[in-house]
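2 protein chains.
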Amino acid sequence: MVVFAGQGDPRRSMSLLWRSAEAGSRPGPKPGLSVDAIVDAAIAVADEQGMSALSMRAVGERLGRTAMALYTYVPNKAELLDLMYDKVLGQLPTEYPSDQGWRAALTAWVGDVRAFYLWHPWVLQVSQARPVLGPNEFTMLETLLRILRQTGLERSVLRGVVGVVTQFVRGAAEVIADARRAARETGVSDEEWWYARSPLVEEFSAPFERQFPLVAWLGELDPPAADDDCTPYLERHAEWNFTVGLEVLLDGIEAAVARSVG
Amino acid sequence: MVVFAGQGDPRRSMSLLWRSAEAGSRPGPKPGLSVDAIVDAAIAVADEQGMSALSMRAVGERLGRTAMALYTYVPNKAELLDLMYDKVLGQLPTEYPSDQGWRAALTAWVGDVRAFYLWHPWVLQVSQARPVLGPNEFTMLETLLRILRQTGLERSVLRGVVGVVTQFVRGAAEVIADARRAARETGVSDEEWWYARSPLVEEFSAPFERQFPLVAWLGELDPPAADDDCTPYLERHAEWNFTVGLEVLLDGIEAAVARSVG
DNA sequence: TTGCATCTCCTTACGCCATAAACTAACCTG
DNA sequence: CAGGTTAGTTTATGGCGTAAGGAGATGCAA
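So the sequences go chain by chain: A and B. As numbered in full-length UniProt numbering, residues 1 to 262 make up the first sequence, in order. As numbered in full-length UniProt numbering, residues 1 to 262 make up the second sequence, in order.
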């Protein structure tokens with residue numbers, strides 16, 4: 001489902017992303033649609049039915065048009081994806097308190113971004129191969145940098161840190177988003193799925209504890225504890241991994257800061 | 001392009017993954033193919049032409065058959081993907097020296113896994129939503145755990161660490177793999193792509209340095225230094241991010257170890 | 001006012017994709 | 001040799017993105 005934009009006219013892409021509308025009075029029928037309306041409709045489809053349901057036909061239908069009508073406003077599906085991506089990024093918060101240190105602010109940012117990804121899981125499926133170069137993508141990076149600047153790390157190290165942090169949030173959100181998507185698209189919950197397979201692993205792998213002692217010890221094969229908590233199995237794991245992982249990451253950054261000062 | 005397996009018979013999936021062949025003499029024509037032959041052909045197609053070229057038709061053609069012939073051996077494309085995934089994971093090394101500490105071993109493991117992902121980039125496109133539960137997936141985890149056991153971290157923390165580390169390698173490889181895929185599928189190199197867009201960003205965003213001072217400072221907009229080095233622009237950045245990120249991660253784990261000891 | 005260029009939006013069509021259904025032909029067992 | 005089972009084919013269905021061409025609306029110049 002991953003598609004690449006940017007094979008078209010770069011100037012056209014950019015002017016769409018930054019919405020430099022010229023308009024003026026022109027011949028021909030008045031446009032019944034607009035880029036914004038199309039992008040909004042596309043976002044709505046993706047939010048409601050997931051990326052796999054996002055087709056030109058579906059977007060057109062939501063606007064009471066055919067698929068082909070969209071091509072008057074948007075060069076192709078890949079560009080539409082880029083527009084959706086940048087527009088929805090605009091929902092991210094941009095202000096974080098700077099008086100409690102970078103650690104608190106970064107924790108808040110990571111939490112917000114992860115929540116955002118889980119709110120619009122399809123965003124995770126937009127290729128990160130090449131930056132979209134839209135205004136909101138830059139804004140997101142600027143926000144992160146305002147927080148990380150407080151570490152006082154030098155530029156080249158900061159670049160690396162930006163990389164790990166963004167990768168971490170994406171990864172943390174992806175685990176959950178993928179699990180939810182799987183549950184929705186297959187109609188099988190994590191629990192059902194697991195209970196159907198867990199005994200089979202034991203059966204086919206002969207003595208599992210002998211073949212994979214450490215995996216067995218880690219308890220990935222344990223059935224989910226039947227808590228009052230109704231959060232799905234995999235998500236409970238993911239939640240914990242997120243907490244631990246974030247701490248590891250923050251400690252690592254702190255170490256880098258300590259090294260750069262000392 | 002992400003597809004989910006596991007909507008079929010779990011027992012069938014498992015017996016395919018663990019290759020519990022019954023065979024015996026049966027009526028009907030001799031099978032001209034085998035699950036292994038199909039999986040190998042599919043891996044070859046994915047390696048050579050990428051995941052987007054992996055269709056049942058393509059695999060069948062490579063074996064001199066039609067697409068439909070494969071369905072005798074494999075229930076559907078999603079299951080085939082799982083089989084490809086687990087089989088190719090078998091190429092990963094499993095032994096790492098334990099006499100130089102976990103840090104050295106983990107560094108080597110992360111490097112190997114990243115190299116592996118870049119060798120078979122399509123692996124990154126197999127959904128991680130639910131574990132495949134094949135033998136080689138367990139082996140990979142077991143290998144990582146043999147290394148991480150040396151940290152002496154308690155089980156629950158270790159689970160978190162496993163999560164961050166695997167997410168980190170995936171992320172680090174994805175950046176590069178996506179970039180290469182984009183270059184291949186669009187026929188536009190990173191450099192060409194960048195030179196076409198860089199000036200346009202300045203043009204459309206009015207005073208870029210005023211709007212995004214920190215982004216400008218970070219120099220993401222700098223044109224790539226024209227080194228003797230012929231590694232593409234984005235990959236050079238990625239390489240650096242990988243090094244810095246890994247160090248941050250290792251330091252973070254070390255902090256966790258120190259905390260658990262003290 | 002007319003004619004035309006231009007624009008929106010539609011219909012149609014092409015070539016992909018996964019896979020369901022029905023068929024042919026090979027083969028083992030009774 | 002008959003019957004049932006299996007491997008592999010052909011054909012068809014309903015999806016996808018989007019190229020091509022046409023119909024009707026609109027603003028402007030003559």
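Each residue gets a CB set at the ideal place from its N, CA and C atoms; glycine is no exception. Just so it is clear, the structure is predicted and the values come from calculations on it, not from any experiment.
Going by DSSP in three states, residue i sits in which element: helix, strand or coil?
i: Leu-234(B); result: helix
i: Glu-203(A); result: helix
i: Met-14(A); result: helix
i: Gly-101(A); result: helix
i: Asn-136(B); result: helix
i: Asn-76(A); result: coil
i: Phe-242(A); result: helix
i: Gly-24(A); result: coil
i: Tyr-96(A); result: coil
i: Phe-116(B); result: helix
i: Asp-190(A); result: helix
i: residue 322(B); result: Because chain B spans 1 through 262 in this model, residue 322(B) falls outside it and cannot be assessed.
i: Gly-163(B); result: helix
i: Asp-36(B); result: helix
i: Lys-30(A); result: coil
i: Pro-121(B); result: helix
i: Gln-49(A); result: helix
i: Thr-66(A); result: coil
i: Val-257(B); result: helix
i: Pro-131(B); result: coil
i: Gln-91(B); result: coil
i: Asp-86(A); result: helix
i: Val-59(A); result: helix
i: Phe-212(A); result: coil
i: Asp-9(B); result: coil
i: Arg-184(B); result: helix
i: Arg-146(B); result: helix
i: Arg-19(A); result: coil
i: Val-126(B); result: coil
Grab me the residues of residue i's own chain with a C-beta within less than 6 Å of its C-beta, minus the 5 sequence neighbours each way, in chain order.
i: Pro-10(B); result: none
i: Tyr-71(A); result: none
i: Val-2(A); result: Its pLDDT being 46, under 50, Val-2(A) is placed unreliably in this model, and the coordinates cannot settle the point.
i: Glu-202(A); result: Phe-208
i: Arg-57(A); result: Ala-67
i: Arg-114(B); result: Val-169, Ala-172 and Ala-173
i: Phe-242(B); result: Ala-172
i: Val-175(A); result: Ala-238
For residue i, which residues of its own chain have a beta-carbon under 8 Å away from its beta-carbon, when the five flanking residues on both sides are left out?
i: Arg-146(A); result: Tyr-96 and Ser-98
i: Val-157(A); result: Ala-256 and Ser-260
i: Ala-179(A); result: Asp-190, Pro-232, Leu-234, Glu-235 and Ala-238
i: Ala-177(A); result: Tyr-117, Leu-118, Pro-121 and Leu-124
i: Val-45(A); result: Ala-53, Leu-54, Ala-58, Val-59 and Arg-62
Could you give the C-beta distance for residue i and residue j, rounded to a whole number, given that I count them as a contact under 8 Å?
i: Phe-138(B); j: Val-215(A); result: 6 Å
i: Arg-159(B); j: Trp-240(A); result: 7 Å
i: Ile-38(B); j: Val-74(B); result: 6 Å
i: Leu-200(B); j: Leu-106(B); result: Wrong, their Cβ atoms sit about 42 Å apart, outside the cutoff.
i: Glu-142(A); j: Phe-212(B); result: 5 Å
i: Asn-76(B); j: Gly-28(B); result: Asn-76(B) to Gly-28(B), Cβ: 22 Å. No contact.
i: Gly-219(B); j: Arg-155(A); result: 7 Å
i: Ser-20(B); j: Phe-204(A); result: 6 Å
Considering only residues of the same chain and omitting the five flanking positions on each side of residue i, which have a CB-CB separation below 7 Å?
i: Thr-151(A); result: Trp-102, Ile-253 and Val-257
i: Gly-140(A); result: Checking the displayed sequence, the identity of residue 140(A) turns out to be Met instead of Gly. Around Met-140(A): Leu-89 and Leu-92.
i: Ala-108(B); result: Tyr-96
i: Leu-153(A); result: Val-161, Ala-256, Val-257 and Ser-260
i: Thr-94(A); result: Thr-139 and Thr-143
Item to complete: Name, going along the chain, the residues of the region 126-139 of chain A whose beta-carbon falls closer than 9 Å to a beta-carbon of chain B.
Response: Ser-127, Gln-128, Ala-129, Arg-130, Pro-131, Leu-133, Pro-135, Phe-138 and Thr-139
Discussion item. Along the region 159-172 of chain A, where does the CB come closer than 8 Å to a CB of chain B? Name the residues.
Written reply: Arg-159, Gly-160, Val-161, Val-162, Gly-163, Val-164, Gln-167, Phe-168, Arg-170, Gly-171 and Ala-172
Worksheet item: Given 8 Å as the limit, is there contact between the region 165-179 of chain A and the region 163-171 of chain B, that is, 3 or more CB pairs closer than that?
Response: Note that the region 165-179 of chain A touches the region 163-171 of chain B; at least 3 beta-carbon pairs, one per stretch, sit closer than 8 Å.
Practice prompt. Please confirm if the region 56-73 of chain A is in contact with the region 30-44 of chain A, defined as three or more CB-CB distances below 8 Å between the two stretches.
Written response: yes
Worksheet item: Do the region 13-23 of chain B and the region 190-198 of chain B meet, that is, are 3 or more Cβ pairs less than 8 Å apart?
Response: no
Discussion item. Would the region 118-130 of chain A count as touching the region 45-62 of chain A if we require 3 or more Cβ pairs under 8 Å?
Written reply: yes
Practice prompt. May I ask you to verify whether the region 132-152 of chain B touches the region 82-94 of chain B, counting CB pairs closer than 8 Å and requiring at least 3?
Written response: Proximity of the region 132-152 of chain B to the region 82-94 of chain B meets the contact definition, three or more beta-carbon pairs being nearer than 8 Å.
Item to complete: Give the residues from the region 34-47 of chain A that approach chain B closer than 9 Å (Cβ to any Cβ), ordered along the chain.
Response: none
Practice prompt. Anything in the region 62-78 of chain A with a Cβ closer than 8 Å to a Cβ of chain B? List those residues in chain order, please.
Written response: Hits within the stretch: zero.
Fill in: Proximal residues, the region 92-126 of chain A versus chain B, C-beta separation under 7 Å
none
Worksheet item: Any residues in the region 199-216 of chain A with a beta carbon nearer than 7 Å to a beta carbon of chain B? Which ones, in chain order?
Response: Residues Leu-200, Val-201, Phe-204, Ser-205, Phe-212, Leu-214 and Val-215.
Discussion item. Under 9 Å, CB to CB, which of the residues in the region 233-249 of chain A have a partner in chain B?
Written reply: Leu-234, His-237, Ala-238, Trp-240, Asn-241, Phe-242, Thr-243, Val-244, Gly-245, Leu-246, Glu-247, Val-248 and Leu-249
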